[in-house]
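Structure record follows, encoded as structure tokens.
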DNA sequence: AAACTGTACTAATTGAAATAGTACACTTGT
DNA sequence: ACAAGTGTACTATTTCAATTAGTACAGTTT
């Protein structure tokens with residue numbers, strides 16, 4: 021379900037956080053559904069349980085999941101958190117736009133690239 | 021001229037590489053002009069000369085600068101390299117678009133964000 | 001010759017990330 | 001009550017990339 025790149029410079033912990041946010045945004049993880057336990061997911065992804073714990077902790081801090089001692093971790097249905105994810109996505113995207121501009125890409129070029137990638141999504 | 025973030029997880033070496041590419045794209049560094057020497061820039065940015073050397077080496081490998089033993093390092097006017105920088109910028113931007121889409125942003129929203137940031141640039 | 005360039009090493013240091021291991025508190029089902 | 005599952009909280013250790021430190025060599029310019 022989550023694809024890890026162990027060689028990447030992006031910490032595994034962050035990859036897991038992003039992966040779960042992504043799965044939720046895509047609707048694959050339904051609100052309120054239960055996530056694999058810390059130990060289970062650690063086995064599944066072949067990483068240390070501490071790494072999963074850290075990832076779940078970050079997600080909980082951001083209101084994206086909700087962990088209950090003794091019961092498990094669940095996908096939160098906090099709409100404020102969903103909005104926060106959207107806001108962060110926008111902010112990240114704007115950063116990318118700024119970087120692309122600095123390297124010489126124009127507004128028209130950027131707009132065209134966005135449209136082109138839409139066609140790719142539609143084609144799928 | 022180059023702004024470094026020493027706390028960033030992005031290696032200083034990479035920041036310097038990106039900074040020079042950026043300055044060249046913005047036209048601040050003219051083609052053929054001389055760059056600060058390895059030791060000079062190291063002093064200026066308060067980093068180790070080796071770090072500058074590494075950055076210059078990467079830039080040279082990519083045809084963006086040209087270093088001559090005993091003379092100095094110069095901004096290259098290799099058009100192929102400039103195209104390569106543009107291509108890379110496009111690829112990076114497309115990645116950012118894909119990530120934003122995964123987090124729930126639509127094509128219309130992305131297009132709007134690009135337009136908005138254009139206004140910001142114009143206003144400046 | 002002196003003073004500047006880039007280049008090429010090795011060694012040491014630093015810091016973040018991940019692992020290993022253990023322990024504790026809580027819930028559920030038997 | 002008990003066992004087996006949950007999340008949580010630590011400390012110690014390991015690993016690895018990035019950076020620093022130091023030195024040396026080769027070329028150019030004056």
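Chains as they are written, first to last, in the numbering used here: chain A, 21 to 144; chain B, 21 to 144. Here a beta-carbon is modelled for each residue, glycine too, at the ideal position from N, C-alpha and C. In this text the structure is predicted, and so the values were computed from the model without any measurement.
Here residue 121 of chain A is buried. Its C-beta has 16 or more other C-beta atoms within 10 Å.
Going by beta carbons, residue 43 of chain B and residue 21 of chain B fall inside the 8 Å limit. Taking C-beta atoms under 8 Å as the contact rule, residue 96 of chain A and residue 77 of chain A fail to qualify, at a distance of about 14 Å. Taking the Cα of residue 31 of chain A as reference, the smallest distance to any Cα among A/98, A/127, A/75 is reached at A/75. For residue 83 of chain A, no alpha helix (DSSP H) segment is defined, and its DSSP state is neither H nor E.
Considering only B/67, B/137, B/54, B/46, the residue with the shortest C-alpha distance to residue 88 of chain B is B/54. Taken in chain order, the unbroken stretches of alpha helix (DSSP H) that lie wholly in the segment 31 to 66 of chain A and span 4 residues or more are 32 to 45, 58 to 65.
Between residue 98 of chain A and residue 61 of chain A, the alpha-carbon positions lie close to 23 Å from each other. In terms of beta-carbon proximity, residue 122 of chain B lines the interface with chain A, with at least one pair separated by less than 8 Å.
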